[in-house]
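Participant: Okay, handing you the structure first.
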Amino acid sequence: MTARTINPVARLLTALVIAAALVFSVDWVSALTALIGELVLFAVIGVTLRAALTRAAVVLVAAALTGVTILLYGQTSGTVHWHFFLVTISDGSIALALATFLRVLAIALPSVILFIDVESTELADGLGQVLRLPARFVLGALAGLRMVGLLGQDWRYLGYARRARGVADHARVRRIAGQAFALLVFAVRRGSKLATAMEARGFGAYPTRTWARPSPFGGREFALIAAGFAIAAAAIVVSVAYGTWNFIGSR
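The numbers in the working numbering rise by one with no breaks, and the one at position 87 of the sequence shown is 87.
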């Protein structure tokens with residue numbers, strides 16, 4: 001079983017299962033247990049180390065920033081190690097910062113790592129064929145996602161046009177506001193035309209809608225989802241056994 005051959009819907013459900021288990025408690029034991037299980041899972045499904053490190057770096061920075069914020073401004077309890085104005089570092093803030101850091105990593109990593117090589121078209125096929133979501137919604141979202149890349153191109157062209165007319169070097173704030181409004185008009189106009197064209201071609205036909213590419217969902221997908229449930233269950237059981245389970249910050 002490799003990550004490339006697994007249906008995107010199974011990856012999505014696995015990430016949701018793990019996140020749902022971790023969101024109910026703020027403690028470092030459940031987060032660390034889930035994190036260890038996730039690393040094992042990533043190795044089993046064949047996620048390359050380079051790709052994992054590249055994607056995980058962004059998550060690691062975000063988790064570290066969140067942890068530092070909690071460390072400096074979190075709930076004060078136990079021994080106070082340092083205090084200055086609004087900043088207080090205590091035993092409670094240190095424990096909460098560690099739990100938050102691990103929790104952010106454990107929740108975000110599956111969402112990032114499992115979707116390394118997923119294409120938007122594959123995900124749309126899975127949502128429409130496996131989860132049976134309305135084709136109009138799925139294909140509309142897919143088309144909108146593919147149009148996002150054009151926004152950057154439109155922004156550059158608008159900038160080129162303004163420079164050619166000699167109005168790009170004055171009143172920078174007003175220029176950016178006007179250019180942003182023009183970009184919004186372009187996006188709405190393009191979206192309206194695309195929606196009309198897709199409707200005319202029967203993209204939202206129901207229940208007679210057919211799909212050009214099959215989206216298989218079999219044993220590999222069920223195994224991945226089962227692994228997600230196992231990681232979630234292990235995190236909860238170990239946390240409860242160690243007595244650190246803290247239901248949504250109840251203590």
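Quick reminder that beta carbons are idealized off the backbone N, C-alpha and C, glycines included.
Is it the case that the Cβ atoms of A19 and I116 are separated by a distance below 8 Å?
Facilitator: Here residue 19 corresponds to residue number 19 of the sequence shown, with the count starting at 1. Here residue 116 corresponds to residue number 116 of the sequence shown, with the count starting at 1. Contact flag unset, no.
Participant: Ends of the beta strand (DSSP E) at I231?
Facilitator: The residue given as residue 231 occupies position 231 in the sequence shown. Unbroken run through I231 is the alpha helix (DSSP H), 219–242; no beta strand (DSSP E).
Participant: Between D27, V44, W28, Q75, which lies nearest to A113 when the distance is taken from Cα to Cα?
Facilitator: Along the sequence shown, one-based indexing puts residue 113 at 113. According to the sequence shown, residue 113 is Ile rather than Ala. Residue V44 is the option with its Cα nearest to I113.
Participant: From which residue to which residue does the alpha helix (DSSP H) around W155 run?
Facilitator: As a first step, residue 155 must be located in the sequence shown, where it is residue number 155. First-last of the alpha helix (DSSP H) with W155: 135–164.
Participant: Using 10 angstroms around the beta-carbon of P134, count the other beta-carbons present and answer buried if the total reaches 16, otherwise exposed.
Facilitator: Indexing the sequence shown from 1 puts residue 134 at position 134. So P134 ends up on the exposed side.
Participant: Is the beta carbon of L102 less than 8 Å from the beta carbon of L35?
Facilitator: Here residue 102 refers to the residue found at position 102 of the sequence shown. Here residue 35 refers to the residue found at position 35 of the sequence shown. Against a cut-off of 8 Å, the Cβ pair of L35 and L102 comes out as a contact.
Participant: If distances are taken between C-alpha atoms only, which option among R11, T14, V29 comes closest to F247?
Facilitator: Taking the sequence shown and counting its residues from 1, the one referred to as residue 247 is at position 247. The candidate whose alpha carbon is nearest that of F247 is V29.
Participant: Taking a contact to mean a Cβ-Cβ separation below 8 Å, would you say L131 touches V59 in this structure?
Facilitator: Counted from its first residue, the sequence shown places residue 131 at position 131. Counted from its first residue, the sequence shown places residue 59 at position 59. Taking 8 Å as the Cβ cut-off, L131 and V59 do not qualify as a contacting pair.
Participant: Determine the closest residue to D27 out of L39, S93, V47, L49, with distance taken between C-alpha atoms.
Facilitator: Position 27 of the sequence shown holds residue 27. Residue S93 is the option with its Cα nearest to D27.
Participant: On a Cα-Cα basis, can you pick out the residue from V238, S239, I225 that is closest to A15?
Facilitator: Taking the first residue of the sequence shown as 1, we reach residue 15 at position 15. The shortest Cα separation from A15 among V238, S239, I225 belongs to I225.
Participant: Which of helix, strand or coil does DSSP assign to V47?
Facilitator: Residue mapping note: residue 47 aligns to position 47 of the sequence shown, counting from 1. Three-state result, V47: coil.
Participant: By how many angstroms is the C-alpha of L39 removed from the C-alpha of I89?
Facilitator: Taking the sequence shown and counting its residues from 1, one reaches residue 89 at position 89. Taking the sequence shown and counting its residues from 1, one reaches residue 39 at position 39. Near 31 Å, if we compare the C-alpha coordinates of L39 and I89.
Participant: From what residue to what residue does the beta strand (DSSP E) around V87 run?
Facilitator: Taking the first residue of the sequence shown as position 1, residue 87 is located at position 87. That run of the beta strand (DSSP E) goes 87–90.
Participant: When burial is assigned at 16 or more other CB atoms within 10 Å of the CB, is T33 buried or exposed?
Facilitator: In the sequence shown, residue 33 corresponds to position 33, counting from 1. Classification for T33: buried.
Participant: Might you give, ordered along the chain, the residues of its own chain that have their beta carbon closer than 6 Å to the beta carbon of A227, omitting 5 neighbours on each side?
Facilitator: By one-based count along the sequence shown, residue 227 stands at place 227. Taken in chain order, the residues that qualify are L41.
Participant: Does the count of Cβ pairs from the stretch 182–190 and the stretch 149–162 closer than 8 Å reach three?
Facilitator: Verdict: yes, contact present.
Participant: Go ahead and label Q75 buried or exposed: buried means 16 or more other beta carbons lie within 10 angstroms of its beta carbon, across all protein chains shown.
Facilitator: By 1-based counting over the sequence shown, the position of residue 75 is 75. Q75 comes out exposed.
Participant: Can you tell me which of the three DSSP states S25 falls into?
Facilitator: For the purposes of this step, residue 25 is identified with residue 25 of the sequence shown, where counting begins at 1. It is a strand residue.
Participant: Ignore the nearest five residues each way along the sequence and tell me which others in V128's own chain have a CB closer than 6 Å to its CB.
Facilitator: Sequence index remark: in the sequence shown, residue 128 carries index 128 (1-based). Correcting the residue identity first, residue 128 is Gly in this sequence and not Val. Same-chain partners within the cutoff: A135, V138.
Participant: Where do the ends of the alpha helix (DSSP H) carrying V173 lie?
Facilitator: The residue given as residue 173 occupies position 173 in the sequence shown. Note, V173: alpha helix (DSSP H), 172–200.
Participant: How many Å lie between G126 and A63 at the Cα?
Facilitator: What you label residue 126 is simply residue 126 of the sequence shown in a count that begins at 1. What you label residue 63 is simply residue 63 of the sequence shown in a count that begins at 1. Taking the straight line from one Cα to the other gives about 30 Å.
Participant: Does V17 come out as helix, strand or coil in the three-state DSSP assignment?
Facilitator: Within the sequence shown, numbered from 1, the residue matching residue 17 stands at position 17. DSSP places V17 in helix when its eight states are reduced to three.
Participant: What is the DSSP secondary structure of V80, counted as helix, strand or coil?
Facilitator: Taking the first residue of the sequence shown as 1, we reach residue 80 at position 80. Strand, per DSSP.
Participant: Between which residues of its own chain and E119 is the CB-CB distance below 6 Å, once the five residues before and five after are set aside?
Facilitator: Residue numbering aside, residue 119 sits at position 119 when the sequence shown is read from its first letter. Excluding positions up to five away in sequence, the list is empty.
Participant: If you reduce the DSSP assignment to three classes, tell me which class F247 lands in.
Facilitator: Your numbering for residue 247 matches position 247 in the sequence shown. Residue state, collapsed to three classes: strand.
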